[in-house]
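Going by this note's numbering, 757 is the number at position 72 of the sequence shown; the sequence numbering is gapless.
Cβ coordinates follow ideal geometry from the N, Cα and C atoms, glycine included.
All values reported here derive from a predicted model rather than from experimental measurement.
A short worksheet on the structure shown next.
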Amino acid sequence: MATMKIKKNDTVVVIAGKDKGKEGKVLSVDVKNHKVLVEGVNMVSKHSKPSMQNQQGGIIQKEAPIDISNVAYSYKGKPVRIGFQGEKKDKVRVAKVDGKLEVID
């Protein structure tokens, strides 16, 4: 299986869909289904019954997963593509910016 280019706590920009242009932090990554949960993006309304945790019940706004192909890594405020450089232990993620490679982490 290929390595995921987007990781938890990365800042991403939505490049397709109803929230196109929005920016947010990745809360979780679902590798198996190729989905990411981004803070403040793809908000849905969930109806919940009153329970011990939620005494009031009612309609709750929460984030829903979005396909990983619809987001791009945000590097200095702009969406960029991600690549890998190096082998095995020296492998690092790099941002492909204007034909140059800049190390991210």
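DSSP bridge partner residues for residue i (one or two, in chain order)
i    : result
L792 : Outside the shown range of the chain, which is 686 to 790, sits residue 792, and nothing can be said about it.
K785 : V782
T696 : K710
S759 : P764
Helix, strand or coil at residue i according to DSSP, with G and I counted as helix
i    : result
S754 : helix
Residue i - containing beta strand (DSSP E), residue span
i    : result
S730 : M728 to S733
I745 : G743 to E748
K763 : K763 to Q770
Cβ distance (whole Å) where residue i is taken to contact residue j below 8 Å
i    : j    : result
T688 : F769 : 7 Å
V716 : I751 : Not confirmed; about 15 Å, so no contact.
Quiz prompt | Cβ contact (3+ pairs, closer than 8 Å) linking the stretch 767–781 and the stretch 730–750 | solution = No: fewer than three Cβ pairs fall under 8 Å.
Quiz item: Are at least three pairs of beta-carbons, each pair with one atom in the stretch 753–763 and one in the stretch 732–744, less than 8 Å apart?
Solution: Touching, no.
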